[in-house]
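Let me begin by presenting the structure, written as structure tokens, before commenting on it.
Protein chains in written order, with the numbering used here: chain A, 14 to 402; chain B, 46 to 500; chain C, 118 to 218.
This is the structure in structure tokens:
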């Protein structure tokens, strides 16, 4: 028996649930299909940074719009999800890195973000726990954090309150496109017909894109992470080093979370993201140098996630070039959390209004029809030999 | 030369090491503790003169023999005490010893990681003065100390009377032993007692001694609360006939049986299956303890079987490992050992029935009861999260939402209770509610250890 | 804080006396004892829980529950049930004020 709706969203990660939220809030019929549990993949296990510093220049309009949504979380979804405007401290170990800091700061300022420059003396004054290995830093006050384990489920509940229908443990097995719309078949033998499909299936989205003739070189990887036991709360901002060896934050309960590069390959087929213990050891050593007073603190758990990466390190967001009514939103290269809500609202605008005021041309899937440049970030943030190392 | 590594120097690990050594190889025997013996056969700390003979009673001979045999092989094996295995990747162990991280490659791994107490909370169980039954025994055996002057033993373990006697023999007052299981449950398990009549009779004699010494025994009790300001002052419970009872005490030993410590087996790639009977997820293995490619499990760390089963299964795992390396083995001996292990584990399973932990109490635990000690998560928080979920929840999902199981012990203490609460609240089976995913490090490791990595 | 002991020595020991400090007070234990034993033979607390005013004094005594971690004055962490007592240890039940980098 075929049932029908207006929009089907494939993938219940942060992007999918926000798209569902904004569509439902505008009174549109929307069904979200998630093959496992909502928010259980990358959306639920990422670092939790709502970082504004150091983003790709083309992303700022989207990023700032998205931050505005994060800042209104209690009003929009009735849950703060532990949102906290911690600020972000970007750290340099040497003069080359300090130059990169300056370049990022210039881009941030061009979008009206307030960025403070700090030298060794002011770092010691403002953030005394930062080790002397850090010779320069920039601080962005509007950056924040929110709890990834809570954010996606909370947004899903709010979307459902507006009438969005969500089905878990329901994998999409086939999608057929016609001039009347789409027929979406699920693993349970059901078929849904709809006018629009949003492909927000995370690390599994590239397979869907491929079915519509849009083959992109996405691969699965994730940042090795760990969390420590709780220690007295002292580190207010989110800390990050230019070389990516340390991305750290302390939650008010006292645990310190660390993520670091090089990233590690994930096993998409087995749905596993093993963390090579050597990377944990490297992360521990790196953190000890950036925040020396944590040396006696204990690591209690490690994990990674399954994220989709693209060689140019920017996501695919926008309408399909082959199939009208199909929209892609995947390949967030490890920085999708902060822009998730923004992507969701833009997707809803494409469907409801046929367009979005936020400039997203740089993220169109069409760029893969010609040769893409491999980003410098790609080379430095993965193991030598590519993501399969 | 194939490298065989054994993790755990309790009776299973020691016998495995002995078997490998006798075959002419040099196994690496790793143990977290400073002295071999595990928990059950732990030797007292130096300088503490415990009459171990008196304490161990009829088990003394085996205890003595084990340690004697260990001493005779220790110089021909590669023995690494005070070494924690915290992660495994393919054929490499990551260790921590004296604040230094190192790696050990292996061709064959025998995991004999032992067991720990199954824990079920009750209001007040986190008060100073409350210890596990296992901890209560270790306090005596290892440190020569009693956990109080007036101690109530509470739970569903066949060891309650044994520990009570050990304490009484040293002059400590035991105002009561409270058994949550009824007599009916024990009678129904009588047939399984035939698997180990000696042990069964010992248990009967402990009870007889206690009755003679007029230690109040309560059966079929229901826990109400342990009370006190910052330390135990007394315990409140319902007797089998529904009467509320308050007993003043300054120490409580909680014992609900044992569960295998399976974190290392998990990281080594063992597959886990739900044992609905016992209410535990256990690693799948064949009758030799083979749990994967070049992975063997032995002792209580594989399945609760007691010390004799540990020794036998340690030998068995070693023989299986040796035979997989092409070294001739005695199949008759293997069969004898297999039968012995099977019989003893069946006995323990019977005991587990007779002394089933009170999972049904998960339903009536007050909302304010702490379930996760590490993170201070209450039963009410878990129940609220279960109501919020739209689909049948499972362990990892509930952990992610509530933080239960996210603390330093990584769910060792709270997982049984968390599982029971989810199962009862949602009317699902052990299999449906899942199992907490294991992750490295299996115990906390300090950041400073990373700065001193050995080659 | 309750100064009554939780643990009681019920068998003799031959080790030498070891002096240490706990929360600023000088206490004595015996060589061969763990930190947990030595402290709890004098006191009824090992640490204060991070998330409330609840006091904790260990639980499993076999390095499984991780509830007996104490602090040293210079910021080290020690698991009390598995760390032997040594002379001059300066232990705390709550985190020390850390000097910065």
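Idealized CB from N, CA, C, for every residue including glycine.
Outcome for residue i when other beta-carbon atoms lying within 10 angstroms are tallied against a minimum of 16
i: residue 259(B); result: exposed
i: residue 204(C); result: exposed
i: residue 155(B); result: buried
i: residue 401(B); result: buried
i: residue 408(A); result: This structure leaves residue 408(A) out entirely; chain A is present only between 14 and 402.
i: residue 373(B); result: exposed
i: residue 338(B); result: exposed
i: residue 306(A); result: buried
i: residue 401(A); result: Unreliable placement is indicated for residue 401(A), whose pLDDT of 39 sits below 50; the coordinate value is still reported in the next sentence. Exposed, by the Cβ-count rule.
i: residue 190(C); result: exposed
i: residue 156(A); result: buried
Collapsed DSSP secondary structure at residue i in the structure displayed
i: residue 118(C); result: Because residue 118(C) carries a pLDDT of 42, less than 50, the predicted location of this residue cannot be relied on, and the following value inherits that uncertainty. Coil, per DSSP.
i: residue 354(B); result: helix
i: residue 200(C); result: coil
i: residue 107(A); result: coil
i: residue 34(A); result: helix
i: residue 130(A); result: strand
i: residue 76(B); result: coil
i: residue 126(B); result: coil
i: residue 478(B); result: helix
i: residue 394(A); result: helix
i: residue 137(A); result: helix
i: residue 195(B); result: strand
i: residue 286(B); result: coil
i: residue 208(C); result: strand
i: residue 54(B); result: coil
i: residue 170(B); result: coil
i: residue 245(B); result: helix
Limits of the unbroken alpha helix (DSSP H) element including residue i
i: residue 301(B); result: Looking at the DSSP string, residue 301(B) is not in any alpha helix (DSSP H), and its letter there is neither H nor E.
i: residue 387(B); result: 376 to 399
i: residue 469(B); result: 460 to 471
i: residue 153(C); result: 152 to 157
i: residue 443(B); result: 440 to 447
i: residue 73(A); result: 73 to 83
i: residue 349(A); result: 349 to 366
i: residue 167(A); result: 161 to 174
i: residue 115(B); result: 105 to 118
i: residue 101(B); result: 97 to 101
i: residue 44(A); result: Looking at the DSSP string, residue 44(A) is not in any alpha helix (DSSP H); the run it does join, the beta strand (DSSP E), is 43 to 46.
i: residue 319(B); result: Per DSSP, residue 319(B) belongs to no alpha helix (DSSP H); it is in the beta strand (DSSP E), 317 to 320.
i: residue 212(B); result: 205 to 213
For residue i, the first and last residue of its enclosing beta strand (DSSP E)
i: residue 10(A); result: Any property of residue 10(A) remains undetermined from this structure, which presents chain A solely from 14 to 402.
i: residue 137(B); result: 137 to 142
i: residue 316(A); result: 311 to 316
i: residue 175(B); result: 175 to 177
i: residue 334(B); result: Segment: none, residue 334(B) is in no beta strand (DSSP E) and carries neither H nor E.
i: residue 238(A); result: 238 to 241
i: residue 223(B); result: 218 to 224
i: residue 147(B); result: 145 to 150
i: residue 279(B); result: 279 to 283
i: residue 275(A); result: Where residue 275(A) is concerned, there is no enclosing beta strand (DSSP E), given that its DSSP letter is neither H nor E.
i: residue 154(B); result: 153 to 156
C-beta neighbour in chain D for residue i, strict 8 Å
i: residue 214(A); result: Looking at the structure shown, chain D is missing, and the protein chains on hand are A, B and C.
- Message: For the stretch 302 to 334 of chain A, list every residue whose C-beta sits within 8 Å of some C-beta in chain B, in sequence order.
- Response: Here the close residues are 307, 308, 309, 310, 311, 312, 313, 314, 315 and 316.
- Residues of the stretch 127 to 138 of chain C with Cβ closer than 7 Å to any Cβ of chain B, in chain order: The stretch 127 to 138 of chain C vs chain B, Cβ under 7 Å: 127, 128, 129, 130, 131 and 132.
- Task: Note down, in chain order, all residues in the stretch 150 to 179 of chain C with a beta-carbon under 8 Å from any beta-carbon belonging to chain A.
- Result: The stretch 150 to 179 of chain C vs chain A, Cβ under 8 Å: 167 and 168.
- Task: For the stretch 249 to 272 of chain A, enumerate the residues whose C-beta is nearer than 9 Å to any C-beta of chain C, in chain order.
- Result: Within the stretch 249 to 272 of chain A, contact with chain C at the beta-carbon level (separation under 9 Å) is assigned to 266 and 267.
- Interface positions of the stretch 174 to 190 of chain B facing chain C (Cβ-Cβ less than 9 Å), listed along the chain: Identification of residues in the stretch 174 to 190 of chain B having a C-beta nearer than 9 Å to some C-beta of chain C yields 174, 175, 176, 177, 179, 180, 181, 182, 183, 184, 185, 187, 188, 189 and 190, given in sequence order.
- Message: Against chain A, which members of the stretch 180 to 207 of chain C pass a CB distance test of less than 9 Å?
- Response: Answer set for the stretch 180 to 207 of chain C: 183, 186, 188, 189, 191, 192, 193 and 194.
- For the stretch 136 to 163 of chain B, enumerate the residues whose C-beta is nearer than 9 Å to any C-beta of chain A, in chain order. With the criterion set as a beta carbon lying under 9 Å from some beta carbon of chain A, the members of the stretch 136 to 163 of chain B are 137, 139, 146 and 148, in sequence order.
- Query: Got a sec: which bits of the stretch 116 to 130 of chain B sit with their beta carbon under 9 Å from any beta carbon on chain A, in order along the chain?
  - Reply: Hits within the stretch: zero.
- Message: At a CB distance below 9 Å, what residues from the stretch 149 to 163 of chain A approach chain B? Give them in sequence order.
- Response: Against chain B - using a Cβ distance shorter than 9 Å - the residues of the stretch 149 to 163 of chain A are 162 and 163.
- Message: Any C-beta of chain A within less than 8 Å: which residues of the stretch 468 to 493 of chain B qualify?
- Response: Listed in sequence order: 484, 485, 486, 489, 490, 491, 492 and 493.
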